[in-house]
Every structure is written in structure tokens, then in C-alpha cells.
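Residue numbers (my numbering), protein chains in the order written: chain U, 6 to 251; chain H, 6 to 251; chain A, 6 to 251; chain D, 6 to 251; chain E, 6 to 251; chain P, 6 to 251; chain X, 6 to 251; chain Z, 6 to 251.
Protein chains: 8
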Amino acid sequence: MLEKVSSGRITVEQASQKLQHLPYEDLGFARVDHHRQVRRGFPEVIYCPGKTTEQIISIFAALAEKGGNILATRAQEHTFEALAESKKVPNAKYDALARTITLKQSPIEPSGTVIPILTAGTADLPVAAEAKVTAEIMGQRSEIICDVGVAGLHRLLGQLKKLRKANVIIVVAGMEGALASVVGGLVDCAVIAVPTSIGYGANLGGISALLSMLNSCASGVSVVNIDNGFSAAVSATLINRKIEAK
Amino acid sequence: MLEKVSSGRITVEQASQKLQHLPYEDLGFARVDHHRQVRRGFPEVIYCPGKTTEQIISIFAALAEKGGNILATRAQEHTFEALAESKKVPNAKYDALARTITLKQSPIEPSGTVIPILTAGTADLPVAAEAKVTAEIMGQRSEIICDVGVAGLHRLLGQLKKLRKANVIIVVAGMEGALASVVGGLVDCAVIAVPTSIGYGANLGGISALLSMLNSCASGVSVVNIDNGFSAAVSATLINRKIEAK
Amino acid sequence: MLEKVSSGRITVEQASQKLQHLPYEDLGFARVDHHRQVRRGFPEVIYCPGKTTEQIISIFAALAEKGGNILATRAQEHTFEALAESKKVPNAKYDALARTITLKQSPIEPSGTVIPILTAGTADLPVAAEAKVTAEIMGQRSEIICDVGVAGLHRLLGQLKKLRKANVIIVVAGMEGALASVVGGLVDCAVIAVPTSIGYGANLGGISALLSMLNSCASGVSVVNIDNGFSAAVSATLINRKIEAK
Amino acid sequence: MLEKVSSGRITVEQASQKLQHLPYEDLGFARVDHHRQVRRGFPEVIYCPGKTTEQIISIFAALAEKGGNILATRAQEHTFEALAESKKVPNAKYDALARTITLKQSPIEPSGTVIPILTAGTADLPVAAEAKVTAEIMGQRSEIICDVGVAGLHRLLGQLKKLRKANVIIVVAGMEGALASVVGGLVDCAVIAVPTSIGYGANLGGISALLSMLNSCASGVSVVNIDNGFSAAVSATLINRKIEAK
Amino acid sequence: MLEKVSSGRITVEQASQKLQHLPYEDLGFARVDHHRQVRRGFPEVIYCPGKTTEQIISIFAALAEKGGNILATRAQEHTFEALAESKKVPNAKYDALARTITLKQSPIEPSGTVIPILTAGTADLPVAAEAKVTAEIMGQRSEIICDVGVAGLHRLLGQLKKLRKANVIIVVAGMEGALASVVGGLVDCAVIAVPTSIGYGANLGGISALLSMLNSCASGVSVVNIDNGFSAAVSATLINRKIEAK
Amino acid sequence: MLEKVSSGRITVEQASQKLQHLPYEDLGFARVDHHRQVRRGFPEVIYCPGKTTEQIISIFAALAEKGGNILATRAQEHTFEALAESKKVPNAKYDALARTITLKQSPIEPSGTVIPILTAGTADLPVAAEAKVTAEIMGQRSEIICDVGVAGLHRLLGQLKKLRKANVIIVVAGMEGALASVVGGLVDCAVIAVPTSIGYGANLGGISALLSMLNSCASGVSVVNIDNGFSAAVSATLINRKIEAK
Amino acid sequence: MLEKVSSGRITVEQASQKLQHLPYEDLGFARVDHHRQVRRGFPEVIYCPGKTTEQIISIFAALAEKGGNILATRAQEHTFEALAESKKVPNAKYDALARTITLKQSPIEPSGTVIPILTAGTADLPVAAEAKVTAEIMGQRSEIICDVGVAGLHRLLGQLKKLRKANVIIVVAGMEGALASVVGGLVDCAVIAVPTSIGYGANLGGISALLSMLNSCASGVSVVNIDNGFSAAVSATLINRKIEAK
Amino acid sequence: MLEKVSSGRITVEQASQKLQHLPYEDLGFARVDHHRQVRRGFPEVIYCPGKTTEQIISIFAALAEKGGNILATRAQEHTFEALAESKKVPNAKYDALARTITLKQSPIEPSGTVIPILTAGTADLPVAAEAKVTAEIMGQRSEIICDVGVAGLHRLLGQLKKLRKANVIIVVAGMEGALASVVGGLVDCAVIAVPTSIGYGANLGGISALLSMLNSCASGVSVVNIDNGFSAAVSATLINRKIEAK
């Protein structure tokens, strides 16, 4: 019968059941997805650009009330100061390099293994730091290995043993982004590449590194958006959780 | 001492040892990397565009002689016919949908779990097929779930149970590529997204879907190059191998 | 209570009920959405590029069996010929200008009012024809008013009375696409603009007209994809149906 | 006879009569189109960027003198303050979120039905607010439904009943803009999509969302310029007026 | 009084009179603008791409019947052959280099002065030829000076006297299009620059030359579309006519 | 003989004579081209961006010493103030709208005819003002006709008589730039179009208007760089000088 | 004195003498620059695209008559066949891989040192071959080292000694073009990088590799146009000549 | 034997030896490559953008301690002031035009020959100055020849003798970048072209000049990134060193 297509797999009705108990909270200007922790394994994260300071504080407070851990990305220092002054979440912390506000109030069990976060240069550090903070709040341990760009190949080769042991690797690079390809060719795990907007004129705000990484001659490299250390960390953590879960 | 930077990690000399025993074979117009199977877990793959038929046959034959399994991607039918006529690798097979030539001569142990390969529409099938063939030759089982684009959301929801069980998911979509975001928001594993060049005018040969996927509002989505089913399969397989290895 | 957010509006459970009775049919390479006629007011339409002739025939036949009317867009002549030879849908018709295959087997009630489809030049006719065929199978009457581009303004002004009476207008134009702005400034109804890929070098495959229309100095103009007469017709028809329904 | 082409439609002379009684007022640096209310159903709107504060005040005052209602978009706060200090239009109001100045001095009859304005995230609110203010001054009631992006699909499904009742829907989304496609696939009315410039690196100032929406796999979606809530509201209001007029 | 804004210039009514006697002929798929010769000084020109052969023949014949001279641009050879076979315009001529069909049946008075059409290289000749044919049918004499690109500056300097005497100059160049700037710096008349799509990879179908010419460091250079010899000739001829008219 | 190619035209030697008496003055950081007035009919113009205030003052003073008239474009107010304080050119004037500094110290004979400079909107005025100031210092009279964009066509038609009398017309427009095409279709003289960077999101800093104007369906339109009122004025003035010279 | 600016350097008159004895030959459609061998050290090269077969043969023959060596690039096979049939230059040779026609009739003295031409993959060979043929006709010896892309770093390291000895190196690479950066970081000579159009979807016809190379984190890398092996060879040869000349 | 591919060239093992003695120093946020002077002939250079002032000072100090000469590029004035206040490198100098910090503490032997650095305009000076400072610290003498753009060709011709004597030439130009082609056509040495971001609207931040230079009709021109005077100087110096070494 057409109405109930299902042979050998879940029916549409059953699928819909999955969605109908999902809770959220309506703040008027935001619908806070309290179920995300259950469904995806990490809480709703507050992406700050485009939101007013008042909105950020309200969403942060609404999330904090539920007792979970919270991450706000791309937060400006004055936003954090306003949050601090509001005294609504006294334990929130600001990381100036990563531009994040975090609140850790429920226990986080650290992962067994460490994800290497490589950067091609020192200027890529803020993006790597965002990745590190993101991983950390998800319980994923990580280590930043900074300034191993391909212009001095021996600096990278000194890290080879560490890379060969990794379950998944994050590579952060601007300019021509060649580091992703070179690392990809040396290891047997997936590489999550983050292009950055660092570089002279025709890097086009990171487009150059983005295209490089998408065109990597080494397979096994997948790419997230420019400067998006957050998304790289989520992808890498989801992967490593599945590995450690086994 | 400066010469030997190493505190707490492998020395540069040790790192260099890693590289010095790696074999390759020089055909004049190609350096066949016989060591790739060991180093990365899969053989060198022949990307056909830009190579002459003669070159493809020679590389294929050189690889075949070593006894391993072989994959050639983006192969045109007439290339396969020339290979068949050459009688150098009589057991090679052509898959017209995936545009691949494969040779399976050494045993492949199938993976324990299956990777879902979703497509938004029927026109995305060739890219999904390339992913499937690639996974298969690496021993990774997969299942194509076709035509579950977001214009008819119930078609996707009927697959939810299967998706929720997956270790990693490949999403293949053209046009606006929204499927990657919607799937990403529903699952707790990494999503490897493949934009395709399918669509009306301003899809710009896949750039539209590529940008969509890079800008996914759901985190945990990473992206490979346009129409690059091969690379998505390698990333997904490397991830799943680590998971099954534990 | 958090679980059931609903004050003043439908609950999530109720919303989910909407989705769970939606039927589709799995052909392996396609999931035919038989419910679309009910949900959106028009059947699933077959977009031919990227599909094999065999797939198109199968989907067409599966849809035809349900007794509804069918539209396939961007169909090449040889695809129609193969369909005709298959004898599966003997009453299907091909329109060479619009590049469509249609099957009309259930009664179509014509709309009370006519939608004007303007073209800037003769070369824009195929896109206008696709719009006309699409409207027709949805029961929407339309009239193509061809070659009224702004280089000879008097040709457009001769149509002013007709335009002023319209409920909604489709404007199809390539090159600089100025017609959309000029028409938009003269009428009190919505204008759906379709940029076309017609023009010399820097029209960039229609990007020039697309940008023009998006930047229209006359408000009330919204835009569909390049050469996408189909989508313009769907938008315009959905609008006019609501108008006539009152 | 060639001179007077007319069979079955208005002559060119008659068309020209339409244009010859249209009034405007020449301020030297602007030609205020006092006839627009009659011709298009809404007054000339002042787009502020690129105009000096003095020019904006003069145009605003010239329009105010005619007794109609006025809208200025993309107005900076200091512009409004200068206008207030000038005491020329004491009843003008500033909306900081929408960045609009409005003057309501002639009666506005509210529409019978409400247009839903959906946003994918909180950061899209300013664009939605511009749309809401625009609709309002045209007499169109609207409701902003905020933060229903596809990363948490259940938030959108909770609004389904409301969406299914709408005559036309405005969807405001940045990042990958997938919300337009998902909504488009669920309803039987036209969707006016507004891409926003919200997002990480490769959203390219809104180009990513713009391309997504133009390439929507759900038909019935048409698109306005990036961040252009004003234009979306005009389109939607013109449509709904025709519907309510019947 | 507002209705009749006019102080010191023509009233709107008077302006409208200008438009109301303009004739055109409706062929169904085209509106032939027989008045263009009077209004703009040259007949409607048939731009062939996107038109069917049948349409081109019909438009050509309709224009021919009025006795004027006719130009069709970007005409393929087989289009001309079909026109010839139709025997409708036996005196039409085809120019394979310029890809034009012309019919000269009413007397053309040649201009007193000659417009130089420079090309940077031999490969730019087809575009120059299109310009020459266009000028000729408008009665404008011209001379192609071929292959004087800046890589061999002495070739250009040999033409200096001729250039210094010109009323207006057309410069046709691909690759980096530097010729327009160099010529512009040497003369005291306007230069109309035509970028061509000639060149290696990153000329991007003429975009490189187009941008060069728009950015010319020598002022007095204005630019037409890529490969658009036709438009350059019209601009140059309109300019020279005014000069000779005095 | 090869060495002296010349049949029917000036020899290379003669051509070289033209160049060898051209004077310039080396300031170290600039080579002031005192011969430009003779060769091209207007003095070297100072383009300010990228130059230090000190450099601008030095070049301005060096030019002033020769007794000619001077124009500096894109000058910021503080640059003019520094120039004024230096007391080196006490009669220099600043035009804040046009962002120009001018010095008139040698007699300028005004042209017999006036060039119309049309703008689509009020926001295009600064670019039009730059054109007007440029024309003026070259002795060319001009009139700005502001805010005649195509959204209110009657405003443009009220100017038709004036346009029909012009020798050449400058059209300044942002957004979709349609004004150039509409004007081009109404007149028999050349149109110099200037795209401006005015508009919502996808005007891409003027690229949208630029592409529109390059793709104008009305021939006889040539285009200068975005916001480059200066270059449009030079082109138009060079044209009109030739016309008046006859 | 202003007229004769020269302190410490050549006068303008002297400079002009340099240009006035330069010979060329006018074929009507081409001006053959017979002096180029003297001025630049290599003959005028025929770039075939956009030229008719007849034009190519004529230019080739005109150059051949002078007794020098000749190179035609991007020549299609049928062009060579037509040249051969014309019997005008019986000793011309075709290289199908490099797509060049060459004629060697005057002695070429081979360089003392060899320039390495590296390719990342086999598919880059045609571009490398064009470089090799170009170098050869200029007397420059070269060696193609094929398929040393960074995905298998040991293949490149095996060539390190050879690279360290080079005076200048050409690197030809498509996809992400990382090879240029890696090589650049290992050597002490200049690297001329040639991006190729090889790769999956978002390599954008070579733009990806081009941007990579321009953004190389290793300095000392300069770049020529996409697929332009010819230009790389000219640059490298001019450099090496100066080195060997000392 | 496969393991040790080497016939006629260095073995992979030998190659690896090259890399294993390369020293660097790990500062945590940077790996200072002290070996670069040996390997590439110039020290690691500090690219300042994206680094914090603290990081720059630390890296600068770490490099200074080794006794070599140091260059920091794109340094803002306040960075230098902080460095000066730190008193860690009292002899460091700031060049405001070039935006560089330099420390010269080990002897620099000046080159025998001088590299000309040409600029098209005065606004290109900062980029030329960066090139000059870079060359100087590498011991390469250079001379800036400013403002010789092609709009006044005689200014360039006055430098011809100097150009003809050069071993390699750097050309710095914005706008349409034509200077590179014109110079390239006049000399017999390699030209390193640097596009700059100087110019009106559609120069697109230097993309226009970049494309021009890549498409140069004169061969022998290679290009570095936009505004990258540093990289041009390194390339030119590496070339000239090889020349002088012979």
C-alpha cells in the first residue's frame, strides 16, 4: 500500500515520532534548542555576530539555567564584559585568543585520546584556539602544534610520529593552504582542514586556501568554512567519540 | 641544543627515517607509489582526466603487476575498451554509472558496518556511485539512499532510524545542497558532504551547493570538492576503519 | 513544561502528524512523491538533466500510472523519442521550443485570469515557453508578450493597459535585464523576474541579468534562477490561485 | 497601418496618456515621485545610504508635506537625531533594530490576514524587522517567527499549521539559506526568500545564501537582494493585497 | 502646480508626444522597430544567437520589405545559407570573418573621415571585422590596423600620425588589453575599447582585458562588452556623425 | 626594404620624433607630465588615493608653478586643509560633494554646448559632481539632471527634449543601472555610462551596475569604471571638443 | 631645463633612437616583428588560437624566409597537416603532446646547464612539454621530472640533489598546486610556477592552483598564467642565459 | 629493486639526510627556522598581520639572539613602538613607507649590480619600498624608478638604457598594470611583476592588475601576489645572486 512505504526499514510514522518530543524554549528572538545535547551530543552554541549584546546575555542565561555547559563563539571582549556585569552567569570565562565565552558547570569527561590541531603559521593561532576551546567543552582533549607550514618541511617532519598515532587531525592554514595536502599524504586517518583568511592580496579573504584544500591531491581531506575552527572541532570530536565508544 | 629539537617528542632524524624506505616506480611519465597501501591504507588511485589512454593502461598494468586492487576514476568508456583490448588486465571491470575501472585481485575484507550515501535527487547518482565503488575497493560496505531531497521532507524522515545508527554519513546533493544541513541537524555522527554540479543557471557548476555546504548551519559537516564522490568515500572509510579497529 | 512548547500555537506533535501520512514510491533510483499534488497543488515535476533516459521513462511511467498530469522539463528531443518508442505513455507530447514533455490525462480547470509573460527579446522565447507550458499544466492561463525590451520603449508602453490589469507578471530578460525594473515601476502587482543567459561576453551566462534584477530600483520584483521559466511559473501560479480562490 | 499598431489592445497613444499626468517635484538633488502612491500603492521610500543627512531631511519634509505616510530605510541613528532636531517632522519614529524612520500621519487600514516572516536565526532579525516595518506602513499585518533554522527541524515543524494557512511567506536566512527550500517544500503558497549576510568566511557577504535560495530544489521560491527585507515586504504585500481585494 | 512640472524645460506631456507616434510591427515572436532609423540613426539590428533560423529569416524579410539596409550579427554560415535558399532577400551578403549578414538596398553616403580600428593581435581580427562591417552599413568609413600590440611598441609608433588625426579610435585587444591605455595616453580624442576573449587560462573569457580597459590609467577610454565590435562601431559612428555634422 | 616599413604612412623614425621632445619633471616620487596639456588637451590630474598628503602638496605645487589649471580627484577634506595651511596654492578650492581640489589660474574658455549628466538617484550625486568639476576645468559646460531613475519613468520623459539635443550624454547609475539602456534607446548620440557602488547586498560594490551597462540592449553605450565620474567627463569632453571644433 | 630631463641618465632623445630602427613586416593581418630575436633574444612566437589556418601558414612562412628558428604554440594537429601540405616549410615538426610546431633551420647553441621542469602529476605533462619545447628552441636544455606531487613526498625528496643544483626551476601543478610552495621552501633559486587546469570541480579551470601559487608561503616563487608552459620557459631561459653569460 | 629507486640520481635515503639536520626553535606559538639562512640564503622573515604584538616581539628577539639580520614586513607603527619600548632589540629601525622593521647586526655584502624597481604611479611607492627594503637586507642593491606609467610613454622611454642593462627588473603597477607588458616587450631579461591594489572601483583590490600581468602579451613576465613587494624582491635577488655568483 502506498500510504505506508516501509519494506525493510522504519516507517514514516516511526520516524516522525523521533521528532515530536524534541523540546525547545521560545525567547521571542530565539528558540533555544535544549534537546541538542541529547540528539547531537553537544549543546546549542551561541554564534555571536549579528546578535545584540542583550540577546546574547539572554540566550546565555536561558541555556545556563538548564545546568549544561555553554559555548559562545566569535564573542567580542565587550560582550563578555557586559555578561560579567549582568552577574547572570558569574562563572563564565573569556578566552581572548579564541574569542569564546565558556561556562563549565556540569562535569565533562575527558576523551582518552588527543586530537592534534596543526597550524601552518602563528597567525593561524586564533582559529586553532577556537577549535581547541570547542573540543574541550565537548570533552575532547586536543593539542595545538603551531607553525609547521611547508616552507620549512623539517618542522612538520619532526611531528610525524604524533600524527601517525592520531585518530583524526585538524589542519589550520591560510595563504596557499598546502599543509593539508602534505599532511593528508602522510597519514592514514581523516584530515579536517580549516582554511584561514591570513595572507597577502589575492588570498581573497581565505578563498585561496579554501580552494586549495578542496582540491587537495591527497584524498581523505575534507574542509570546513574559512576561519571556522568551531566546526572543525565538532566534526573531529564526533568522529573521535565514535572511535572511543567502540 | 638547537640542532636536535626534540623535547618530549620524536626527533627530526627519527621522523626522516619514516620517509626513507618508501618505494616508488618511475615509468617516465608517472611515479607509481607502491607504498601508499601501507602508508595510507589504500593504493594509489588513477585519476584519468588529462592522461592519455596509453598512460592509463601503462600505470594500470604497473600497479596490477604488484598484485593489489586498483581503482581508476573518471574513466571514459573508450578508455576501458582500450584497456580490455590490450589484454593486460583481463579481470578489470567498468562501471558506466560511476565511470570507474576496478581490478580486484587480492582479497578485500568487508567492513562490519555500512555507510549510508544519501542523494538529494536521482541526478546525483553518478557521484554517489563513484563513492560506493571507492568504498567497496577499500573494503567498506555502503548503501545508496537515493532521492531524499528536502523538497519532500517525509522521504528523508523515513530513513531516520538508519541514519541515527550510522558511524559516518555521506550526503551528495546539487542545487542548493540543503540536504547536508538538514541531515547534519538530525544525527550525532560526522557528515561528509559532496556538492554536485546539478542544477539550473546560477548553480555555477556546483559552486552554489559547495557554498551552501560550507556554510551549513548544522555543525559537524565537512565538505569535499564538487562531484568528488571518490574523496568523500576515502574520508568516510578512513573514519569508519578507525571506529571498527577499536 | 519544556517538553511541549505550544502556547497559542500548534504543538510539535500535531505538526508531526502532518508529515506522517505522506506517501511516496521507491523506484530504487528515485522516490516519487505522489503526495505533492495534495500538499503543494502540483505534481512532482521531472527535471531531466543528469538523469538517464531509462530513469526518465521509469519515473514518467510511475507518475503516469497514478492518473495525474505530468511535466518533464529540459527534456531533449531524443529523450521524448525514446519515451514514445517505449509506448508506456502514448499521449505524452513534446514542445521543442520549451523543451518539455507533458502528459494531460486528468481534467485541468483553466484559471479565470491570464498571467502576462513578457520577454525583452526573441531570444528569450524558450524560457518564456517553459513558463507557459508549466503554467498551463497547473491550469493557469498565460500570454507571452514577446520582444518588448527597453531599447524601444514604445513597444512596452503599447502593452501598459494589459499589464495594469494583471494579478502578477512574469518578466523574462537577458543582457542587462532592465525590463524587470521598468515594468516594476509601472504596475501595482508583484513581478517575478527570470534572468536569461542571452547576451555578449560579460553577461556571464546570465549573471549580469540576474544581478540587475536582484538590484532592481523598483521594489516588488523578486527573482528566480537563470533561465528558470519553470520556477517563475510555479511562483506566479501559486500567487494567482490564492487570488482567484478568494 | 503601421503607425498605429493596436489590434486587440490599447494603442500606443492611449498608453502614453497614462504617463503624461504623473506628477513629481524637483528638489534639485531629488525628484520626489508624489504619484507613486496612486500608481504602485505605496509612497516613494527614502533609501538613505549615499545621501547626506541634509538631503534626507529635505526629501522627508517634502514628502511629509503632502500628508502621506513615509518610510526611510537603512537610516543611521544620527540621521534620525538630526531629523528630530530639525523639528520638521516631529512625529517621525526611529526603529533601531530595523534601522527605519517612519511617519504615520494618514490612516492605514490593516490587512485582514497576517504574513509570516520566518528567520533561520536570531542574527537575521534586523532584516526581518525591516520587512515588518515596511509591511506595516503599507497596512500589511505580519508576524516574525524567529530562529526556526533547519539545524533543529522540530522548531520549524511546530509552526507548520500557521505556515499552511498563509497566503504568502517571507523567509529570512543567512549561512546556507536552506530554510527557504524546506519551507517551500511544505506549503502551497509562494515563498519570498531574503538571503542575509550572516555567517562565517565563505558566506561571501550573503552570496552563499543568495545562490542557495536561487537554486532551491523546491519550486515556488523567488528571491530578493541580500539583506533586503524592504523589497521582500513590498512583494509580499502587493501579492496579499490582490488576494484580499478579491 | 505639481501636475505640470516644467519650469525652464519641456513638459511631461510634450515629452510623451515624442513616444506616441513610434511605429513597430508585431511578428508574434518579435516586434520590429521600424522607427529606429529615424530615432537613433541606424536600423534595428538582428542579434542572431538564441533565435531560430526561421525567426531570423522572418525578421530579416520583414525589415527588408521596408527598403532599408540591414545587419545581422553573430550569424552562423548555415543561417546565411538558409536565408539564401529562401530567396527572400537575394542580395544579402555573408562575411565569414565578421560573422555578419548584410543587405544594402538603399544608398549609403560615406563619411568624410575614417575611424581607425586597431587590434593588438591577429586573433582579434574577427571582432575588428564586426566593427568594420557595422560602421560601413551606417555609412562610416573605417580602417583596420592589425597586430600593433604593445609587446613590439615600434609597430604602434609607426601609426602615430594616423592616430593623431583621428576623431575617435576603436581599440580591440585581448590578453591584458594594455593597448587601450597606451593609445589613450598618446591621442587627444576618445578611445572606444573592445576587450576580446583571446588568451591563455586566466584571461577568463575576456574578463582580464575588460578589467584592464576599465582600469586604464589613461583617461578618455570607455569600454564596451567583451568581443562586442558591433557596439563599439555604433558608439564611434554616433560620435563621428556629430563631428561631421557640424 | 625591411628596416624602414612605411609605404603610404609615416615612418617609424618620424613617429619616434613625436615622442622625443616631450617634457616631464622628476620629483623623485613622481614624474610630472607637463606636456599632457599639449598632447591630450588637459593637464595631468592628481589621483589622491595612495599618495601621502606631502606628496599631493608637492605635485600640486609643481604643477601650479607652470601656470596651468589643476585638478585633484578623490581628495579628502584634511588633504585640502593641509594644502591650504601650506599656503603654496592659496587659490585652490575644495568641493566636498565631488571630493575635488581645483586651481583655476589660466583662462578657461567655456564650451558652446552643454553636456547633460543624468543620475538615477540622489545617492549617485557625488559621482556626477566629480564629472561636472572635471568637465568644468576642461572648459566643458555641463548640467546635472538628478534622480531620473527608471522606477518613475515619467521623470525621465520630462527631460527628453534636452536629451535629444545633446552631443553626448553621461549617465550615472547604481543598483541595476537600467537608466543607461533606457536613455540609450531614446537618443541618437553616444552615451557614456558610469556605474556606481550604490545599492543593497548583491550590487557587489557596483559590479551589478557595471555588468548591466556593459550588457546594454541599446547600442551606443560605452562604460567607464565604477564611480569614475572623472573618466566619463574626460571622454565626453574630448568628444564634444571635436564636435565643436568643426 | 625642462625639455631635456636627463641628469645622470640617458636623455629621452637617446631613448627614442633605440626604437626607431626596429623592423617589422606588414602582412595585412599581422605585423611580423623580425627584430624580436635581437631585442629580446628569441623570435616572435605564433600563438595559434583565434588565427585561421591560412593566417598561421602565412606568418610561419614569412618568418621562415628570414632563416630563423620558429615556434608555434597551441597548434592543433590539422593546422600542422595543412602547413605540411602547403610544402612551404618542409622541415617543420609537430609535437602532439606539447601541441607545438617548430622549425629549426639556424644553429642553436645548447645551454651549459639544465633547467628542471617538475610536474605534480602525469596529467600536467602537456604543459611541461610545451615548456620543454619552448626552452629547446631558445637553446635551453631542460629535463622533465614527472609526477612528484606532495601526496607522496618521498618521490619529491628523491630529486632533492638535482633541485639544489639548479639555477632556476619550473614547477607545473594543477589541483591545489602545493608543489610550488614545497619546492620553494627547499631550494635557494627562483621558482617559476605554472598552474594547470587539471582537477575536480572547484579547481575552476586552474584558478585554484593559480591562487595557491600566488599565495605561496615560500617566497621566491613567481607565477605565470594557467597552462602557460611557454611563458614559464621564456622566463626561466632569460634568467639562465644571464647566469651563463657571466 | 623497487625499495631503492635511484638509477642515475640521489637515493631517497640520501635525500632524507638533507632534511634531518635542519634546526628550528619552538617558542610554543612559533617554530623559528634558524636554518633558513643556510638553506635559502635569507633568514626567516616575520609577516606581522595576524600576530599579536607580543608574539612579534618574541619572535624578533629569538631571531636577534642568533646574530643574524632580521626583517619584519607589514608592521604597524605601534608594533615598532612596542618593540622599541621593550628594549630587546635597540638597533631595530622602522620604515614608515615600506611598513618594515629591520635589524642589521651582521655584515651585508652589497651586490655588484642594481635591480631597477619601476612603479607606474606614485601611489605604488609603498609596495616598491617594501621590495627595496627586502632586497637591501639580502644585500641586493636596487633603485626605485617612480611614476613611469604608460599614460605618458616618454617618461618610460627615458629609462630605456638603464632597463636594457638590468639583469632582472621589478615592475610595480596598479590599475590596469600595463607597464609590465610594455617593459617586458623592451628588454631581454626576466620581469617580476607586482600588481597593486591601487585604483577606482573595478580594480577589485588589485585583481584587475593581477589578471593583466598574468595575461601579459609580452613573455618573460612572471607575477607575485597583489601588493607583495617582499616576494618580488626575494625572487629578483635569488636570480641576481646566481648571476653574480658566476
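No residue lacks a Cβ here, since even glycine has one placed at the ideal position from N, Cα and C.
Cβ pair residue i, residue j closer than 7 Å
i	j	result
H/SER147	H/ILE122	yes
P/ALA125	P/GLY154	yes
U/ALA223	U/GLY189	yes
P/GLY204	A/ASN208	no
H/ILE75	H/ALA136	no
U/ALA87	U/ILE106	no
H/ILE197	H/ALA237	yes
Sheet register partners of residue i (DSSP bridge)
i	result
D/THR201	In the DSSP output, where bridge partners are listed per residue, D/THR201 has none listed.
Z/ARG36	Z/ASP31
A/ILE231	Partner(s): none; A/ILE231 has no beta bridge.
U/ASP100	U/THR105
U/VAL226	U/VAL196
Span of the beta strand (DSSP E) around residue i
i	result
H/GLU148	146-150
P/LYS71	Segment: none, P/LYS71 is in no beta strand (DSSP E) and carries neither H nor E.
A/ALA178	173-178
H/LEU209	Looking at the DSSP string, H/LEU209 is not in any beta strand (DSSP E), and its letter there is neither H nor E.
Residue i, enclosing alpha helix (DSSP H) - first and last residue
i	result
P/PRO54	Run containing P/PRO54: none; DSSP gives neither H nor E here.
U/LYS137	130-142
X/THR105	First-last for X/THR105: 105-108, but that is the beta strand (DSSP E), not the alpha helix (DSSP H).
D/THR127	First-last for D/THR127: undefined, no H or E at that position.
Buried or exposed (CB count within 10 angstroms, at least 16 for buried), residue i
i	result
E/SER21	Its pLDDT being 47, under 50, E/SER21 is placed unreliably by the model, and nothing is read from it.
P/LYS9	With a pLDDT of 33 at P/LYS9, under the threshold of 50, the modelled position of that residue is not reliable, and the figure given next carries that caveat. Exposed.
D/ASN96	exposed
A/ALA101	exposed
X/ALA134	buried
Residue from the options whose Cα sits closest to the Cα of residue i
i	options	result
D/LEU191	D/VAL199, D/LYS166, D/LEU215	D/LYS166
A/LYS170	A/VAL228, A/GLY117, A/SER111, A/THR57	A/GLY117
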